[in-house]
Each structure stands twice: as C-alpha cells, then as structure tokens.
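Chains as they are written, first to last, in the UniProt record's numbering: chain A, 1 to 212; chain B, 1 to 59; chain C, 1 to 250; chain D, 1 to 238. Quick reminder that beta carbons are idealized off the backbone N, C-alpha and C, glycines included. Quick caveat, the model's predicted, so the values are computed rather than measured. Have a look at the structure below before the remarks.
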Amino acid sequence: MSTPRLKIENLFCERDDRILFDQLSFDVNEGEVVQIEGQNGSGKTTLLRILSGLSRHYEGDIYWQDVPIHSCAEAFRESLLYFGHQPGVKAVLTPEENLRWFAAMHPTIDLSKLDYALAKVGLTGYEDVPCHTLSAGQNRRVSLARLYMSNAPLWILDEPFTAIDKKGVAQNEALIAEHAEQGGTVLLTTHHELAMGDLIRRVNLDQLAGTS
Amino acid sequence: MSFETFAEFIDMGGHGLYVWLSYAIALVVIVLNIVNPLMQKRQIFTEQARRLRREKQAS
Amino acid sequence: MAEKKWMPRWFYQLASPRWCYQITGKLLPIFAVAALILLVGGTAWALIYAPADYQQGNSFRIIYIHVPSAILAQSCYMMMAVAGAIGLIWKMKVADMVAKACAPIGASIAILALATGAIWGKPTWGAWWVWDARLTSMLILLFLYLGVIALNSAIESEQTAAQATAVLALVGLVNIPIIKYSVDWWNTLHQPATFTLTERPAMAMEMWLPLLVMVIGFYCFFAVVMMLRLRNEIIQRERRSSWVRELISG
Amino acid sequence: MTNHPAEKIAVRDLKVDGPFWGALKRDLLLSYRRKSDLINPLIFFLMVATLFPLGVSPDSVFLAEVAPGVVWVAALLATLLSMDSLFRSDFEDGTLEQLLLSPQPLFMVVLAKVLAHWMLTGLPLTLMAPLLGVMLFLPADGMSGLVLSLLLGTPTLSLVGAIGAALTVGLRKGGVLISLLVLPLYIPVLIFGTASIQAALTGLPVGGYMAILGAMLALGLIMAPLAISAALRISVSG
Numbered sequence: 001m002s003t004p005r006l007k008i009e010n011l012f013c014e015r016d017d018r019i020l021f022d023q024l025s026f027d028v029n030e031g032e033v034v035q036i037e038g039q040n041g042s043g044k045t046t047l048l049r050i051l052s053g054l055s056r057h058y059e060g061d062i063y064w065q066d067v068p069i070h071s072c073a074e075a076f077r078e079s080l081l082y083f084g085h086q087p088g089v090k091a092v093l094t095p096e097e098n099l100r101w102f103a104a105m106h107p108t109i110d111l112s113k114l115d116y117a118l119a120k121v122g123l124t125g126y127e128d129v130p131c132h133t134l135s136a137g138q139n140r141r142v143s144l145a146r147l148y149m150s151n152a153p154l155w156i157l158d159e160p161f162t163a164i165d166k167k168g169v170a171q172n173e174a175l176i177a178e179h180a181e182q183g184g185t186v187l188l189t190t191h192h193e194l195a196m197g198d199l200i201r202r203v204n205l206d207q208l209a210g211t212s
Numbered sequence: 001m002s003f004e005t006f007a008e009f010i011d012m013g014g015h016g017l018y019v020w021l022s023y024a025i026a027l028v029v030i031v032l033n034i035v036n037p038l039m040q041k042r043q044i045f046t047e048q049a050r051r052l053r054r055e056k057q058a059s
Numbered sequence: 001m002a003e004k005k006w007m008p009r010w011f012y013q014l015a016s017p018r019w020c021y022q023i024t025g026k027l028l029p030i031f032a033v034a035a036l037i038l039l040v041g042g043t044a045w046a047l048i049y050a051p052a053d054y055q056q057g058n059s060f061r062i063i064y065i066h067v068p069s070a071i072l073a074q075s076c077y078m079m080m081a082v083a084g085a086i087g088l089i090w091k092m093k094v095a096d097m098v099a100k101a102c103a104p105i106g107a108s109i110a111i112l113a114l115a116t117g118a119i120w121g122k123p124t125w126g127a128w129w130v131w132d133a134r135l136t137s138m139l140i141l142l143f144l145y146l147g148v149i150a151l152n153s154a155i156e157s158e159q160t161a162a163q164a165t166a167v168l169a170l171v172g173l174v175n176i177p178i179i180k181y182s183v184d185w186w187n188t189l190h191q192p193a194t195f196t197l198t199e200r201p202a203m204a205m206e207m208w209l210p211l212l213v214m215v216i217g218f219y220c221f222f223a224v225v226m227m228l229r230l231r232n233e234i235i236q237r238e239r240r241s242s243w244v245r246e247l248i249s250g
Numbered sequence: 001m002t003n004h005p006a007e008k009i010a011v012r013d014l015k016v017d018g019p020f021w022g023a024l025k026r027d028l029l030l031s032y033r034r035k036s037d038l039i040n041p042l043i044f045f046l047m048v049a050t051l052f053p054l055g056v057s058p059d060s061v062f063l064a065e066v067a068p069g070v071v072w073v074a075a076l077l078a079t080l081l082s083m084d085s086l087f088r089s090d091f092e093d094g095t096l097e098q099l100l101l102s103p104q105p106l107f108m109v110v111l112a113k114v115l116a117h118w119m120l121t122g123l124p125l126t127l128m129a130p131l132l133g134v135m136l137f138l139p140a141d142g143m144s145g146l147v148l149s150l151l152l153g154t155p156t157l158s159l160v161g162a163i164g165a166a167l168t169v170g171l172r173k174g175g176v177l178i179s180l181l182v183l184p185l186y187i188p189v190l191i192f193g194t195a196s197i198q199a200a201l202t203g204l205p206v207g208g209y210m211a212i213l214g215a216m217l218a219l220g221l222i223m224a225p226l227a228i229s230a231a232l233r234i235s236v237s238g
C-alpha cells in the first residue's frame with residue numbers, strides 16, 4: 001500500500017476551555033473526497049484551518065506525504081488550495097484583478113484558464129466590474145473560480161457552497177468529483193446534501209469527541 | 001556609623017525627605033509585588049476549588 | 001519530536017509545568033530568606049554605616065535603591081525577551097509563563113527606578129525631573145514594558161498572546177541598544193555635560209560593597225516574586241490536569 | 001478542461017507577476033481606487049503642523065527653532081495613523097489568509113506591502129514637508145536636511161510600524177494599541193532625524209546623520225520583515 005497523502009495522528013485541540021477533538025486520527029488518500037461533519041461549534045473550521053497550516057494551536061502530528069507539514073511548509077503550501085470562510089476577494093478590485101493576484105501568490109493557479117474559469121462560474125461579462133458591486137454569491141464565485149484554474153492536488157474547502165445557487169452547487173460538485181478522479185484530494189465541510197454519494201468519505205467530529 | 005544621634009539619622013543632613021521617600025517607595029513596590037501574587041494565588045485556589053465541587057455535584 | 005533530541009535532560013524537565021511547580025516550591029523559601037537577609041542587611045548598611053558622599057551628602061544613599069532597581073529593570077526585560085524566544089522556538093509552555101510573569105514585575109521595578117531617580121534629582125539638580133540620558137532611557141524602557149503588558153492583555157487566546165508578546169519583546173530587545181545609544185547621544189548634544197547621577201570615577205569600597213549587597217538582594221527578591229507569579233500561572237493554565245486537581249482539593 | 005476559447009487569450013496579456021511585484025501592484029492599485037486613504041494622512045500632517053503656531057506661539061523665531069521637531073513629530077504621527085489599515089482590510093476579507101498560505105516567500109510579499117505603504121504615505125509626506133517647513137519659518141538651509149532625513153527615516157517608520165500592525169491585526173481595537181507598541185521604537189529615528197536638520201541649519205555636515213538613518217533603515221529592511229511575517233502568522237493563527 002502506498003503512503004497516504006495526508007496523515008493525521010493524535011490531533012488534540014482545545015479552545016476556550018473546551019476540548020474540540022482529542023486523539024483524532026485519520027488518513028486521506030489520493031482520489032478521495034472527505035467531508036468533515038459535526039454540529040455547529042464542533043470544530044470543523046478549526047480542523048480545516050489546522051490542516052491547512054493556518055492555525056498552529058494543536059498537539060499531535062500532521063504528515064503530508066509522510067513528512068510533517070511544519071518541516072515541508074513551502075512544498076505543502078504549493079500543493080494546497082484553501083477556500084476559507086471569507087472568500088478572500090478584494091471588494092475594490094475586479095474579478096480579473098483578484099484572480100491575477102491569486103495567480104501571483106500561488107504558482108499552481110493557471111492564469112491561462114482565467115476566461116474559462118470565469119465563464120464556468122457564470123461571471124463572463126463581469127471581468128471588469130469592481131467586486132463590491134457584485135452580490136455575495138457572485139463574490140464567492142470569484143473565489144470558486146480558483147478551483148477551475150488550480151493545479152494543486154489538495155483542496156481544503158470550508159463551506160464552499162454558501163450563497164451559491166443549486167445549479168452552481170451541482171457544477172462545483174462535478175468539479176470536485178473530477179478533481180478526485182484525476183487523483184486529487186479534497187477535504188470539505190458543507191451543510192448541503194451532496195449528490196456524490198459513495199464517492200465521499202465522512203469524518204464525524206461529534207462521534208470522535210464523545211470517545212475521549 | 002555615620003550618624004551620632006537618631007535625630008541626625010532621621011534628618012540625613014537635610015536630605016531626610018528625599019532619602020526616606022525613596023526607601024518608602026521601594027518598600028511599597030516590594031510589598032505590592034509580593035502581596036499581589038499571593039492574593040492572586042488565593043483567588044485561583046478558591047475559584048478552582050469551587051469549580052471542582054461543581055463538577056463533582058454534576059457528575 | 002525529533003528536533004528536541006539534542007537538548008539536555010533538564011531542558012525536558014523544565015518544560016514540564018509540574019516539575020517546575022515542585023522545584024520552585026523548594027527554591028522559593030531559600031530565595032525568600034536570602035532576599036530578606038540581603039535587603040534588610042543591605043539597607044541597614046546603606047543607611048547607617050556607609051559614609052555620606054562628599055559632594056551630594058546623604059542624598060547619595062538613594063543610590064542603594066536606584067541603581068539596583070535600574071539594573072534589575074533592564075535584566076528583567078532581557079529575561080522576558082529570552083524566555084519569550086524560547087517559548088516561541090521550542091513551544092515550551094513554561095518559558096511563555098516566565099515571560100508573562102516578567103512583565104508586571106519589570107514595569108513596577110522600572111517605575112521604582114524612575115521615582116527614585118526623580119527624587120534624587122531634586123536635591124542634586126534642583127528639579128524633580130531632568131532629561132538625563134539614563135532617566136530618559138529608563139522611561140522608554142517603561143514604555144516598552146507597558147506596550148508588552150497592553151498587548152498581552154488585549155489578546156484573548158493565551159497561546160496567541162504569549163507568542164505575540166514574545167515577538168514584541170524581541171523587537172524591543174533589538175531596539176534597546178539603539179534607543180540607549182541615540183538617547184545618550186541626544187543628551188550630550190542638548191545638555192552641557194552635567195554630572196550624572198551615578199557615573200563617578202571610582203567608588204570607595206565602603207560605598208560599593210553595600211551597593212553590591214543590595215543588587216544581589218534585589219535579584220533574589222526578583223527570583224521570589226517571579227516564582228510566585230510563575231506558580232500562579234502554572235496552576236491557572238494546568239487547572240484541568242490531574243495533579244493540579246489533587247493539589248487544590250487536597 | 002481544454003475547451004476554453006483560445007482566441008480570447010490572445011487579446012489579453014496573461015503573464016503571471018512575481019510575488020513582490022504582484023503584491024506591490026495590487027496594494028498601489030487598491031489605494032488608487034480608495035483615494036481617501038491616500039490623502040487623509042497628508043491632511044493630518046498639515047493640521048498637526050498648524051496646531052503648533054496656534055497652540056504655542058506664531059513668533060517666527062520660536063517657530064523656526066521648533067520646526068524640525070514639529071515636522072518630524074507630525075510625520076511620525078501621520079505614519080502611525082495610516083498603519084492600522086495596512087493589514088486590517090486584508091485580514092477582514094480573507095486575503096491575508098491566502099497570502100499566508102502562499103508558497104511564495106512571505107518576506108518578499110511583506111516587504112512589497114511595506115514598500116507600497118511607504119510610497120503612499122512616507123513619500124508624499126516627504127514631498128510635502130518643505131511646505132510645512134515654509135509655514136513654520138524653517139530657514140532654507142534646513143530644507144535639504146529636512147527632505148533627506150524624511151526620505152531616509154520614513155521607510156524605517158513604515159517598517160517598524162508594520163510590526164505593530166501585524167501584531168494587532170486580529171484585535172478589534174488595534175488602532176490605539178499600535179501607537180503604544182510602536183512609538184517607543186520610533187524614538188531613535190526621531191532623534192537622528194531632527195538632529196540632522198539642526199545640523200544642516202547650523203551648517204554642520206549632515207553625512208554622519210544620514211549614515212546613521214541609513215544604517216537604521218538597512219537594519220529595519222533585514223529584521224522587520226522577519227518580525228512582521230512571524231507576527232502575521234501568529235495573529236492569523238489565533
């Protein structure tokens with residue numbers, strides 16, 4: 001068996017006097033889509049922030065292709081695309097300018113797919129409009145356009161479908177499935193019922209918290 | 001011994017106010033520095049003891 | 001973790017809050033007695049037996065408070081920054097706690113140094129406050145302390161607060177020599193060289209010895225207060241561990 | 001994923017910027033779109049300088065004497081005023097997270113952001129300083145010293161201030177706190193900045209002062225981005 005892409009071992013995290021998870025261990029392999037489940041406040045976002053390397057308030061080990069992520073930080077960030085609570089879109093810039101900046105910061109973003117990505121998220125014709133004139137959903141679409149341009153193997157998506165309509169959700173699900181088929185890895189949280197069915201593996205934080 | 005009488009000692013050659021004021025402030029700072037953590041300790045202990053009792057009742 | 005392997009054994013133990021609590025419990029009385037003896041003895045020596053200065057008379061006796069507190073305030077900042085750095089690099093909880101305990105002590109000692117400096121200035125210079133280089137540097141040091149304390153209390157998460165203040169303390173540590181140099185230089189530019197409070201050719205032995213006793217006494221006092229605060233901090237942060245629970249209920 | 005319209009790509013230049021240039025360009029563009037951010041520190045600078053004749057004395061001899069100090073203190077406060085927004089809006093809309101997750105060296109990106117900040121505050125302040133000098137009756141001999149010292153000193157102010165901004169970016173009431181953290185660290189720059197103007201006024205050589213200001217800037221360029229990067233990671237992690 002090959003080594004898992006992302007290996008989480010004995011993760012422990014507490015916040016505000018509350019243990020969010022203890023002895024949390026799981027592997028994520030190539031071609032897998034893992035959905036993190038749990039009630040509000042169960043630590044889904046915290047877990048994704050820890051796994052992306054943003055938050056370092058944890059104990060335990062996280063390995064990226066068998067190397068601890070803190071000792072291969074740059075290589076790990078190069079393989080990662082993170083979609084957080086805030087879309088990370090500058091309101092006074094246009095969608096195109098925002099995506100250009102992303103491409104400058106993240107070499108895995110393929111800028112030549114810019115028009116294709118904007119068309120896919122339904123923003124053709126809005127390239128030159130400042131983002132503050134767009135709706136909340138459209139702003140999130142600007143951020144989602146990154147997925148269509150990304151060559152990063154690991155996607156960590158925190159509530160990617162918030163404020164996105166049904167058609168958009170279906171499209172993005174298809175994109176996630178395609179990414180997994182091509183050997184990518186996806187970790188996500190969402191309140192939507194996903195249609196992908198058996199493709200998804202679920203990790204439930206509520207059950208895990210109960211075992212400690 | 002630098003002083004002949006006690007009054008001289010208090011007077012400090014006319015600089016009594018300054019010398020004694022300095023030493024008094026030093027004493028205050030030292031005492032406060034010791035009293036403050038001790039009070040804090042008492043507070044932490046009572047608080048935690050109360051919490052433990054509450055947890056015991058709850059379980 | 002592999003990166004800790006080259007550390008000596010005491011380093012691991014120091015990293016354990018429980019061990020730290022126990023060892024400070026043993027050391028505390030020793031330092032407390034030492035501080036008491038040195039400070040009481042040193043004060044008596046300074047006030048009664050040390051000779052008066054031929055220039056400044058008896059107001060010179062303030063030096064036995066002013067100089068030790070000034071030295072201690074500076075050392076305390078250094079200790080805070082170094083402890084913060086250790087906490088930042090090796091994620092050692094106890095080092096974070098030491099750094100946090102240092103700030104209020106250092107600030108109060110800096111205030112003491114400033115107050116005694118000002119009081120001493122009145123008979124020496126005829127004014128409560130003079131923009132003397134040393135006093136100004138001490139005032140800026142106090143500002144640095146206040147910044148650290150303000151930042152620490154503004155951040156809610158203990159871990160983030162410890163790391164952020166460690167960075168600030170380190171930045172301050174790099175800056176202290178620059179500040180000191182620039183203030184010294186500024187002082188010589190703006191004031192004709194008046195005689196400073198503490199710089200003198202050579203101090204007579206009978207004046208110098210009590211000063212040494214007081215300096216050591218102040219360090220012992222610092223150790224005592226430091227340990228008191230550190231122990232509080234340990235209890236506070238380890239409140240959910242079983243040994244603290246036993247300690248409190250027992 | 002290859003079915004994108006190829007003809008459209010030919011129209012646009014899709015060259016990817018490097019991290020330094022990309023970050024610099026974006027921050028300049030952002031300020032260009034929100035011009036008030038650009039002008040407010042300058043107005044503040046002007047107002048503070050106006051307060052001194054009103055508050056103390058309009059006497060030209062007195063003003064000439066305090067002018068170096070007043071201009072420098074005003075420049076320092078104006079820089080400080082603009083510091084809070086350096087990382088805050090990025091933090092609020094999530095772009096700071098994306099920045100920290102970038103594989104690009106954070107050192108360069110941070111340096112670019114500080115450079116952009118300086119180009120938009122420090123540089124205009126420096127260019128505006130002679131106007132204040134005239135208002136405060138600063139003799140013409142001092143002007144070159146004024147402009148040169150500000151030119152070398154304000155980048156250091158931006159660099160050091162950015163450390164404070166990075167440390168307080170996650171806090172709601174960061175503004176006042178920054179001043180508390182950063183002002184003591186500004187003192188050496190203030191001392192040598194004003195001293196160089198005094199020297200220029202009295203006809204003494206200013207080379208030494210400029211060398212010291214330059215040395216402080218060099219030290220800041222090396223050390224500050226490290227501290228800013230560390231502080232940003234800590235603040236976002238919290």
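Beta carbon proximity, residue i to chain A, threshold 7 angstroms
i             : result
residue 14/D  : yes
residue 172/D : no
residue 93/D  : yes
residue 193/C : The predicted position of residue 193/C is uncertain, since its pLDDT is 48 and thus under 50; no value can be drawn from it.
residue 225/D : no
residue 6/D   : Here the model assigns residue 6/D a pLDDT of 46, short of 50, so the residue's position is not dependable, and the following value carries that caveat. No, its Cβ sits nowhere closer than 7 angstroms to a Cβ of chain A.
Under 9 angstroms by beta carbon: chain A residues contacting residue i
i             : result
residue 159/C : 56 and 57
residue 100/D : 53, 54 and 77
Chain C residues whose Cβ lies nearer than 9 angstroms to that of residue i
i             : result
residue 24/B  : Those within 9 angstroms of residue 24/B in chain C number zero; the least Cβ separation is about 10 angstroms.
residue 192/D : 182, 185 and 186
C-beta contact flag for residue i and residue j at 7 angstroms
i             : j             : result
residue 144/C : residue 172/C : yes
residue 110/A : residue 151/A : yes
residue 183/C : residue 169/C : no
residue 185/A : residue 5/A   : yes
residue 82/A  : residue 52/A  : yes
residue 72/D  : residue 207/D : no
residue 188/A : residue 157/A : yes
residue 101/A : residue 22/D  : yes
residue 91/D  : residue 176/D : no
Any chain C beta carbon closer than 7 angstroms to residue i
i             : result
residue 130/A : no
residue 21/B  : yes
residue 238/D : yes
residue 106/D : no
Per-residue contacts from residue i into chain C (C-beta, under 7 angstroms)
i            : result
residue 40/B : 232
Chain C residues whose Cβ lies nearer than 8 angstroms to that of residue i
i            : result
residue 49/B : 248 and 249
Minimum Cβ-Cβ distance from residue i to chain B less than 7 angstroms
i             : result
residue 67/C  : no
residue 24/C  : no
residue 212/C : no
Within chain B, partners of residue i - CB distance below 8 angstroms
i            : result
residue 48/C : 1, 2, 3 and 9
Contacts around residue i, its chain only, beta-carbon distance under 8 angstroms, and the 5 residues preceding and following it disregarded
i             : result
residue 130/A : 91, 92, 93 and 94
residue 56/C  : 123 and 124
Sequence-distant residues of its chain with Cβ nearer than 6 angstroms to residue i (five each side left out)
i             : result
residue 39/B  : none
residue 142/D : 197, 200 and 201
residue 52/C  : 58
residue 81/D  : 41 and 44
Cβ-based neighbour list, residue i, same chain, cut-off 7 angstroms, excluding 5 preceding and 5 following
i             : result
residue 251/C : One cannot answer for residue 251/C here, as it falls past the ends of chain C, which runs 1 to 250.
residue 219/C : 72
residue 166/C : 84, 85, 87, 88 and 99
Where residue i meets chain B, residues with beta-carbon distance less than 9 angstroms
i             : result
residue 228/C : 33, 34, 36, 37, 38, 40 and 41
Cutoff 7 angstroms: residue i Cβ touching any chain D Cβ
i             : result
residue 163/C : yes
residue 175/C : yes
Contacts that residue i makes with chain D (C-beta to C-beta distance below 7 angstroms)
i             : result
residue 147/C : 180, 181 and 184
task = Count the CB pairs spanning the region 97-105 of chain D and the region 24-35 of chain D that are closer than 8 angstroms, and state whether there are at least three.
result = Remark: fewer than three beta-carbon pairs, one from each stretch, lie closer than 8 angstroms, so the region 97-105 of chain D and the region 24-35 of chain D are not flagged as touching.
query = Does the region 55-74 of chain A come within contact of the region 6-15 of chain A, defined as at least 3 CB pairs closer than 8 angstroms?
reply = Note that the region 55-74 of chain A touches the region 6-15 of chain A; at least 3 beta-carbon pairs, one per stretch, sit closer than 8 angstroms.
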